[in-house]
Amino acid sequence: MLKKINISKVILTIVFWFIGITMLVPLVWMISTACKVEADVFKFPIEWIPRRWNLVENMKEVWGGEYNFGLYYLNSIKVTIFATFLQVFVSALGAYGFSKVHFKGRDKIFLVYLATMMIPPQVTIVSQFIIMRNIGLYNTHAGIVLLLAFSVYGVFLLRQAMMAIPESLSESAKIDGAGHVRIFFQIILPMVKPSLATLATLKFVWTWNDYQTPLVFLNDRNLYTIQLGMRQFASESGNYYSLIMAAAVSAILPLIIVFLFCQRFVVDGIATGAVKG
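Now the structure itself:
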């Protein structure tokens, strides 16, 4: 029986390794293509390690040309950082209200709120467009940040983490004279740091990769984010795949860095928040 279990584990490990490698192949091909000259991109068999390196020239063409990648990067960083901070803070406030503040119908209201996750974002985009235009935030980064500052999933994730915190801690603080603000900032938030880091990491990745929202709510090229800049670059550069892949590598580099630094918090946050709740 033990031999059978060990064999099954070995087989599953091999299968998962194979799946993981196949998922990494497009990423490796993209990086390899970004380092090649255009004539070597579609050579067969594939040259995973280029014989003629052209990464520096490709990056100069992408960053030093007329596509203004530096401005797109700056716009994406600004929108992503502000949207991530606001969503984490707003989600934490909502989660605290639904987990530690007792009022009539709290759980029923939360279920109704949670049910809105079933509504596709494409359904509400027309109404969002009308609202943003009427309040004067259309074609502004502030409008994009405001749209991305609220998340049902963020409230759900943090609420599950806060529900795992014993009520005795909040009650003890109330006996000592602490109000909700002090309990929230000094007791609850420090205890859900892994979940906060998880939400911040996920939100950073989602916002950085967001294409639909900037496409609908921005029409000024000087306000474009990196995803719109990538679309513009790909359409104008034609069939120069080495340049397109160099631009793609530039676009995903911040995501790789953020994930490498925050992957431990993501695993801990999901384990302590989503499971224990």
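Under my numbering, the letters of the sequence shown match residues 211 to 487, in that order. Built from N, CA and C at the ideal position, the CB exists for glycine as well.
Item: Enclosing alpha helix (DSSP H) for Q422 [first to last residue]; Value: 422-427
Item: Alpha-carbon to alpha-carbon, I398 and K486; Value: With a pLDDT of 45 at K486, under the threshold of 50, the modelled position of this residue cannot be trusted, and the question is left open.
Item: Beta-carbon spacing of G311, H351 below 7 Å; Value: According to the sequence provided, residue 311 is Val. The question's Gly does not apply to it. Not a contact, by the Cβ cut-off of 7 Å.
Item: Classification of Q332 by the beta-carbon crowding that lies within 10 angstroms, buried from 16 upward; Value: exposed
Item: The alpha helix (DSSP H) enclosing M372, as first and last residue numbers; Value: 362-373
Item: Residue burial classification, P236 (beta-carbon count within 10 angstroms, cutoff 16); Value: exposed
Item: Proximity winner among I291, F254, D250, H390, relative to W464 (alpha-carbon distances); Value: Looking at the sequence shown, residue 464 is not Trp but Pro. Nearest option by C-alpha distance: I291.
Item: DSSP state of F254 mapped onto helix, strand, coil; Value: coil
Item: C-beta contact flag for S361 and Q297 at 7 Å; Value: yes
Item: Nearest-angstrom beta carbon gap, V365 and F308 [assumed within contact, 8 Å]; Value: 7 Å
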